[in-house]
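Here full-length UniProt numbering is used: the first residue of the sequence shown is 1, the next is one more, and so on.
No residue lacks a Cβ here, since even glycine has one placed at the ideal position from N, Cα and C.
What follows is a single structure, written as structure tokens, with notes after it.
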Amino acid sequence: MKGSCLCGSVKYAIDPPFKMFQYCHCSRCQKFTGSQHSANIFVSPEQFRWLQGSEQVGTYDLPDSRYLTTAFCKNCGSSLPFTVKGGSNVVVPAGTLDEDPGIRPQGNIYWGSRASWCVETAELPKHEELPPRKKTT
């Protein structure tokens, strides 16, 4: 299965089966993604490989974190897979996959740290594309 950054400079591949898929609501993931949570798939390091552009991958090692290191494309800023401190897992941002991983999120972690403005998506209106414009009179 392949994935890439927004500009296409960096490409990677992961091999199933995947360990888990979960949403993380910790404040660090909120900051890194700019969203209410991260959507992460976990694989072993042996299941991951860079296909192109590894020299374009920047990292930030959060000093006071037990596991978190972030990775991003130096060209477009997209989140990219990273190996956790200690090397036991590679965290793959699910939104960077170029195809359906065949696995669905299995849970929410750090729910107690969720953003104060977090609303479950099931509670919100859904539109296939942009919502219709309101007519002005």
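{"query": "Any contact of the stretch 111-121 with the stretch 39-46, i.e. 3+ C-beta pairs under 8 angstroms?", "result": "no"}
{"query": "Helix, strand or coil for residue 111, going by three-state DSSP, please let me know.", "result": "helix"}
{"query": "Using C-beta distances below 7 angstroms, list every residue in its chain close to residue 96, excluding the 5 sequence neighbours before and after it, in chain order.", "result": "3, 4, 5, 78, 79, 80"}
{"query": "Touching or not, the stretch 101-108 and the stretch 120-133, by the rule of three or more beta carbon pairs under 8 angstroms?", "result": "no"}
{"query": "I'd like the list of long-range same chain contacts for residue 49, defined as Cβ closer than 6 angstroms, with 5 residues on each side in sequence excluded.", "result": "13"}
{"query": "Just list the residues that DSSP pairs residue 66 with in beta bridges.", "result": "Beta-bridge pairing links residue 66 to no other residue."}
{"query": "Determine the burial state of residue 23: buried for a count of at least 16 other Cβ atoms within 10 Å of its Cβ, exposed for fewer.", "result": "buried"}
{"query": "Please tell me whether residue 101 and residue 16 are closer than 9 angstroms, where the distance is taken between their beta carbons.", "result": "yes"}
{"query": "Should residue 93 be labelled buried (16 or more other beta-carbon atoms within 10 Å of its own) or exposed?", "result": "buried"}
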